[in-house]
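Its first residue numbered 1, the sequence shown is counted upward by one per residue in the UniProt record's numbering. The C-beta atom is built at its ideal place from N, Cα and C for all residues, glycine as well. This report refers to the structure that appears directly beneath it.
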Amino acid sequence: MNFLKVLWSDISNIFRNRFIRISVAAVIMIPLIYGGLYLAAFWDPYGKTENLPVAVVNLDNGAMDEDKKVNYGNDMVDNLKNNDDLAWKFVKTQKEAEDGLKGDKYYAMVVVPKDFSQKLMNVDKGKLEKPQLLFVANKKKNYVVGLISDKAAKALKEELGKGVMDNFTMKIIDNLYEVRDGMEAAADGTAQLKDGVTDLKDKVPVMSDGINKLYDGSATLSDKLKDASDGSNKLRDGVGTLKDKMPDLVDGVNKLYKGTSSIDEKIKDALDGSNKLRDGAVSLNDKLPDLSEGIDKLNDGSNSIKDGLGEVNDNMPKFLDGISDLKDGALELRGGLRTARDGAALLYEKDENGNVKQDAGLPALKNGADSMKSALSGAIVTQLKPDTASKPIDQILGAVSGSDQSILKGMLALDPSIQSGALPLSQDLKKAWDNDLSVISNLNSALVDLKGTDSTDKINSDLLTIGSILNGDSPAFSNAKLGSISSDLASIAEVINSYPGSSQSVQLQTAYSTMDALSKGVATLDGSLSSLKQSLKLFQGSTALSTNLGYASDGVGSLVSGLNQLYDGSDKLYNGLDTLYDKTKDLQNGTEDLYNGSKNLKDGLYKFKGTVPDLINGVGQLTDGTRDLSDGLFKIKGGTETLNEKVGELNQKVPDLEQGVYDLYDGTTDLSDGLFKLYDGSGKLKDGLSSLKDKMPDLEDGANKLYEGIAQLNDKLTEGAEKLSDKLIQSGKAMGNFMSEPVKLQDKPLFEVSKYGEGLAPYFISLALWVGSIMMFFVITEKVESDVKVGPVSIVLGKYLSYASVGLLQALLISFVVTKIGLRPSNLLAYYCFNVFLSFVFVAIIQNFIFLLGDPGRLLAIIVLVLQLTSSNGTFPGELLPKFFKTIGPFLPFTYSISALREINSGIDRAVLMKDVTILAGYLIVFLFFSVLLKRHADNIKKKFKAKNEQGLAPKEVAVEENLVHH
């Protein structure tokens with residue numbers, strides 16, 4: 001019982017040492033951190049897919065199903081609005097969906113194309129075109145979301161397929177009902193026909209006897225009338241032949257007229273097509289010179305690149321020499337900067353009191369510029385006075401805003417119609433209008449201010465504003481010149497005039513007239529102000545000169561200081577040029593590579609250029625051929641129109657001709673005094689009766705066969721209608737519902753695992769307990785107190801009990817927390833007991849590694865953990881793993897711990913569970929046995945290694961001490 005001393009020693013140390021107590025508590029919490037937190041975070045992620053945003057774009061234009069409008073895209077959108085499987089987001093454009101998919105707004109997108117419904121409806125027309133439903137998932141964002149999206153896409157496709165199958169099956173069944181009704185009606189008709197044929201069959205023998213008697217009488221009559229009818233018979237036969245051909249003639253002329261009309265229409269269509277073909281060929285031919293010219297330019301450019309790079313490559317040695325010269329020049333630059341600094345000081349002379357002299361340098365120049373600006377200002381104001389100017393300020397104001405016909409008032413009158421959209425303008429023209437109205441308004445304001453002020457500063461400010469507007473350099477407007485404003489107004493007037501219905505609209509006509517007058521008024525005003533604009537340009541220049549001289553005067557002191565800094569930087573420039581010289585050598589090598597590449601580019605362009613003449617020649621021949629085709633069709637069209645016209649006239653005359661032949665035939669009949677009709681009738685009667693007499697047996701046989709055939713047809717139609725009626729039990733709607741989903745899948749799992757976390761719980765419980773077992777060996781040492789005198793067996797068993805106690809608490813805690821997260825084991829007691837047992841197994845294995853190997857044993861425990869994570873069937877089935885992992889899996893405890901926990905959690909198969917528990921118990925016993933057996937040997941080996949290491953370190957420590965004493 002000495003192992004209990006070891007156990008008691010560890011327990012005493014834990015309760016005596018506060019740090020160890022805290023550490024043990026932390027170790028107990030480690031499985032909770034590893035397993036509990038992960039399972040809590042991902043217990044049921046698939047139950048929250050309604051939060052995954054997927055964009056839906058419906059571009060379907062719909063289609064006509066007979067006389068009803070259908071839109072399968074809208075039907076799909078309506079269904080998705082009631083679908084919570086994903087967070088469906090309905091957007092209007094595919095571009096918006098693609099931007100959101102590339103960004104962080106959507107994980108996937110569904111696009112219903114424009115022709116989706118139309119292709120489905122084309123099935124009725126015999127076109128079997130499968131519509132494409134575009135589904136795009138950004139799997140880069142999250143692989144699992146990609147799998148969910150793929151399943152959602154398949155489900156969406158199946159749902160749409162069900163709807164389509166429902167609709168088409170319903171149509172087919174409804175059509176079969178119509179076929180059945182038609183067959184029943186046909187059966188009724190054949191029954192009536194059968195009765196009529198029966199009567200015919202019975203009357204045939206009576207008719208045969210009568211025909212024999214008629215034949216004998218007709219033979220006698222024919223002999224007596226033969227001589228009398230010879231002459232009239234010939235005349236009658238000739239006219240009769242002509243009469244018989246008249247219907248064919250009438251029908252032929254009608255067909256000829258219709259044919260020529262159809263040919264005329266087809267020739268028109270062919271002519272239109274040839275004109276389009278000719279225009280396309282001419283356009284293509286016109287563009288080919290641009291292609292040839294572009295190839296020439298590319299070829300010239302490649303030659304220039306090659307030649308330029310060649311020159312660069314050739315001149316690189318000179319460039320290197322130049323940089324060397326620059327280094328020498330940097331020394332000379334320093335001397336030049338000194339001279340520049342002294343010269344700049346002359347522009348900013350100061351007297352003995354330190355004040356800047358106003359009669360020398362830049363101050364003197366500024367005073368002169370100010371005088372010139374004042375003189376120009378006075379001259380412009382004088383020019384604007386009514387007694388001296390050809391266009392005084394009052395007249396300019398009148399043109400801009402002073403009268404009912406002025407520019408500003410006219411534009412203000414039209415502005416509400418433009419802003420409201422009553423006058424149709426494009427966005428560019430409306431933007432130009434707004435800019436032009438602002439320019440005219442600002443010009444008016446500046447002129448009014450100039451007229452009403454005597455302040456010199458205010459006059460100068462107003463003149464600058466007027467000059468900026470008139471000369472087109474106003475920073476506030478993108479298009480300020482009066483000439484540009486006139487052009488804008490003219491363009492707007494043309495747009496208004498060309499708008500459909502403008503000729504009938506008084507408002508549009510008035511707007512066009514006003515806008516045209518405004519355009520001409522602005523152009524006239526712009527031309528009359530040419531002299532004033534030149535004066536204002538001079539005033540602007542003098543003002544800018546005065547201002548800039550002031551800035552220059554103020555900044556000359558800074559210039560002197562800057563030149564001093566430049567002088568100091570000349571040394572840095574010299575050093576930089578030295579570095580540049582070294583880098584230029586690398587540039588020389590790169591330039592040589594570029595030169596070789598440019599030669600390859602030139603050769604490729606030369607080969608391509610050689611094929612262009614053949615292309616140009618072929619397109620030229622195509623253009624000539626399309627012209628000839630178009631001209632020939634035009635001539636044919638003229639001929640067909642004439643032909644159609646003449647055939648139409650013939651068609652109108654044919655009825656008169658036909659009537660004349662009929663009249664002629666009647667006359668010849670009257671001329672024969674009845675003999676022709678009498679003889680002809682008797683002859684035909686004789687021949688007909690003879691033929692009829694000969695055919696009577698055939699007629700009798702045919703009547704019998706007709707009766708049999710009609711009887712059989714009636715029977716088959718009746719039988720078919722009855723069979724079809726027997727099969728058509730359900731309605732079209734019911735059959736559509738059945739065919740859309742003919743098979744129902746009964747998804748009945750043998751053992752239910754409904755949550756993602758529930759499926760991974762065995763994996764993470766095993767992982768947590770293994771990591772917890774490793775960590776407890778960092779807190780509770782494998783060594784015993786020196787006052788505890790026990791053997792290796794007692795140490796192994798006592799320490800095992802200490803570690804197992806901590807493992808017990810770890811197992812109970814992680815088991816409890818996982819059940820609170822949502823796990824519902826099929827046997828709760830077995831669940832807790834097995835987790836405790838599993839912790840004991842892992843403690844025995846890791847104790848064996850660490851007791852026998854020391855620190856390498858800890859590393860081995862981590863390596864075994866990694867191997868188990870990849871080969872234990874925790875996430876993917878073993879059949880999906882590479883061969884190596886499938887091979888080692890059966891030898892590792894995670895394989896059996898995960899299998900056993902799955903049995904306990906989801907439904908116990910006793911044979912499987914007992915096998916897993918037995919193997920794990922074997923792990924516990926074997927590793928604990930070898931720990932007891934090899935503990936003493938392992939300790940001796942570790943002592944030898946420790947002594948050897950200490951002996952190896954001792955000479956080095958002595959040498960270090962001697963070295964320190966020496967120093």
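Residue i (DSSP reduced to helix, strand or coil)
i, result
"P53", "strand"
"S403", "With a pLDDT of 47 at S403, under the threshold of 50, the predicted position of this residue should be treated as unreliable, and no value is reported."
"N617", "helix"
"T875", "coil"
"K5", "Interpretation of K5 is limited by its pLDDT of 47, a score under 50 that renders its predicted location unreliable; no figure is taken from the coordinates."
"R824", "coil"
"T453", "coil"
"K635", "helix"
"N353", "coil"
"D415", "helix"
"residue 972", "The question about residue 972 has no answer here: the residues shown for the chain are numbered 1 through 967."
"I780", "coil"
"D909", "coil"
"K948", "helix"
Segment limits, alpha helix (DSSP H) that includes residue i
i, result
"L425", "Taken as a continuous stretch (DSSP letters only), L425 belongs to no alpha helix (DSSP H), as it is neither H nor E."
"S871", "D855 to S871"
"S897", "P893 to S906"
"K883", "K883 to I888"
Of the listed residues the options, nearest to residue i (C-alpha basis)
i, options, result
"V112", "D449, N61 and I814", "N61"
"D78", "R21, L160, K68 and D104", "L160"
"Y106", "K915, N353, D628 and V56", "V56"
"I30", "I466, L880 and V779", "V779"
"L934", "V27, I850 and I148", "I850"
"D181", "E722, Q565 and Q847", "E722"
"S117", "V144, V110, D65 and L101", "D65"
"T190", "A711, V250 and V912", "A711"
"W88", "K119, D150 and V54", "V54"
"E265", "K637, V136, L193 and A185", "K637"
"E50", "G569, K883, K255 and S149", "S149"
"K276", "T626, D582 and Q847", "T626"
"N212", "D687, M183 and I496", "D687"
"G648", "K258, M121, N303 and N71", "K258"
"D202", "D715, P890 and L706", "L706"
"I616", "K243, P289, D115 and L37", "P289"
"S441", "D67, I466, A186 and L828", "I466"
"T870", "L853, L852 and F891", "F891"
"G310", "A517, F945, L828 and N596", "N596"
"G562", "R338, S519 and L813", "R338"
"E658", "I765, T241 and D701", "T241"
Closer than 8 Å to chain D by CB, residue i
i, result
"S815", "Of the protein chains in this structure there is only one, and it is not chain D."
At what residue ranges does the UniProt domain "ABC-2 type transporter transmembrane" (26-157) contain a whole run of the beta strand (DSSP E), taking only runs of 3 or more? Within the UniProt domain "ABC-2 type transporter transmembrane" (26-157), the complete beta strand (DSSP E) runs of at least 3 residues are 53-58, 63-65, 68-70, 87-91, 108-112 and 134-137.
Report yes or no: do the stretch 853-862 and the stretch 73-91 share at least 3 C-beta pairs separated by less than 8 Å? Here the stretch 853-862 makes no contact with the stretch 73-91; the two share fewer than three CB pairs at distances below 8 Å.
Touching by the beta-carbon criterion (3+ pairs, under 8 Å), the stretch 755-774 and the stretch 809-820: Enough Cβ pairs lie closer than 8 Å, so yes.
With three or more C-beta pairs closer than 8 Å as the rule, is the stretch 792-810 touching the stretch 920-939? Counting C-beta pairs closer than 8 Å gives three or more between the stretch 920-939 and the stretch 792-810, which meets the contact rule.
Validate contact between the stretch 799-812 and the stretch 895-907 using beta carbons, cut 8 Å, 3 pairs: Flag = no, the stretch 799-812 and the stretch 895-907 do not touch.
Are the stretch 119-130 and the stretch 86-97 touching, with three or more C-beta to C-beta distances below 8 Å? Counting C-beta pairs with one atom in each stretch, the stretch 119-130 and the stretch 86-97 have fewer than three that are closer than 8 Å, which means they do not touch.
Inspect the CB distances between the stretch 899-914 and the stretch 767-774 and report whether three or more fall short of 8 Å. The stretch 899-914 is not in contact with the stretch 767-774.
Is the stretch 435-445 close to the stretch 406-417, with three or more CB pairs under 8 Å? For the pair of segments examined, the stretch 435-445 was found to touch the stretch 406-417: the number of CB pairs separated by less than 8 Å reaches three.
Would the stretch 417-431 count as touching the stretch 486-495 if we require 3 or more Cβ pairs under 8 Å? With three or more CB-CB distances shorter than 8 Å, the stretch 417-431 counts as touching the stretch 486-495.
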